[in-house]
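FYI, in the working numbering the residues of the sequence shown are 39 to 376.
Beta carbons: idealized from backbone N, C-alpha and C, even for Gly.
Scroll down for the structure; my scribbles are underneath it.
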Amino acid sequence: MLSIQPDDSGGSSWLGQAWHASWHLVGQLLPAYGTPKVVEWQSINLATVPQDLTGQISGKEPYPASIGTFSDVWKCLYSLGQTQELTVAVKTIRGHRVDESRPVKIKTLRDQVERWKTLIHSNILPVYGTTFEFGPLPSLVCPWMDGGSLTHHLDTHPDLSPEKRHEILLQICDGLCYLHSEEVIHGQLNGSNILMDRKGNAYLADFGFLPVVLDFRTAPYLSTAIGNSVRWAAPELFEIPDTTDGPPLQLTMQSDIYSLGSIILQVLSGDIPYHEIKRDDQVLYAIAQGMKPSRPETSNVTDEHWEYIQQCWSSRRENRRPSAKDVSAFLTSQCSHV
């Protein structure tokens, strides 16, 4: 093997120095052209992310990470250039094909995403944009949350302190207060659409998504779209209209509050509503019979909590449900008793 050693005369020292300098330069360039660094989503400036992310999403796995009632979620990577990438969730709407209604649906989704991108809050999951690489309709791109869903978090952390449970509830309520202040109805608040980061912080996801999907369906029956949210959903969403030609019941801020009451019960107790009933269709039957979730035996649910949850669950006709701000004030008042 050829070995170049510097000598006192300098005859070969210049070549050795050039060799070492070249490798030093390569060492500096390798990070820029090697494996991109995966960055945290909190460090991304939402204003710098274009709405159309087609061609910038990679790493699609063979199967979706989760399957919902009318959408699938894929874990992918969003390229931020040659040096950085972000782990993202790509949400695709299932059950649609290329037809004459496709341009209208595409415009509707784009308009909604443009609106959702303006919603910025510490407990709201950002919407980055859309990509066309997953089906006939644009797919939503959001940050990937390593902590999973609220339901998963509560199942895997049964020993959460009462203080931490109240902190999570305040975060959820703050996020809903913000949405309602922006005239946005969440529409599907449940244990699956509240996502957690690795530090145990909560973020509201899929806000405003259900009304869009309902608008896309040829038979927009709300009860079929509720799917596995039935345990958290307001009973009036399943009621039969008073007249056959009457307007269908719509998602409202008040129906969000009913769901928020169910979330309070879930976070404090650690169990999903109607946890003693195994099948969702049986839960729907229980709701039709006027049955509410039972009070858990845990001391985390005080008499004050239970009474306030009942107020959130009051009937639509009673009109006693508090606002999201009222719920936040109540939860704040309870923190001193924890």
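| message | Between which residues of its own chain and N266 is the CB-CB distance below 8 Å, once the five residues before and five after are set aside? | response | G106, T107, N228, S230, D318
| request: Between the Cα of T290 and those of A324, T340, I223, P331, spot the shortest distance and give me the residue it belongs to. | output: I223
| field | Where Y416 falls: helix, strand or coil (DSSP) | value | For the chain, the structure presents residues 39 to 376; residue 416 sits outside this window and is missing.
| field | Distance between L157 and P174 (C-alpha atoms, nearest Å) | value | 26 Å
| Do the stretch 235–245 and the stretch 84–104 touch if we need at least three Cβ pairs shorter than 8 Å? | no
| request: Could you tell me which of C114, S199, G246 sits nearest to S96, measuring between CA atoms? | output: C114
| query | Would DSSP call Y312 helix, strand or coil? | reply | coil
| said: For T146, list the residues DSSP reports as bridge partners. | reply: Note: T146 sits in no beta bridge, so no partner.
| request: Could you please give the first and the last residue of the uninterrupted alpha helix (DSSP H) stretch that includes Q304? | output: 291–307
| N- and C-terminal bounds of the alpha helix (DSSP H) containing L115 | Per DSSP, L115 belongs to no alpha helix (DSSP H); it is in the beta strand (DSSP E), 109–117.
| Under the rule that 16 or more other beta-carbon atoms within 10 Å means buried, what is P141, buried or exposed? | exposed
| How is P273 classed by DSSP in three states: helix, strand or coil? | helix
| query | Between Q89, H159, K75, which lies nearest to E123 when the distance is taken from Cα to Cα? | reply | K75
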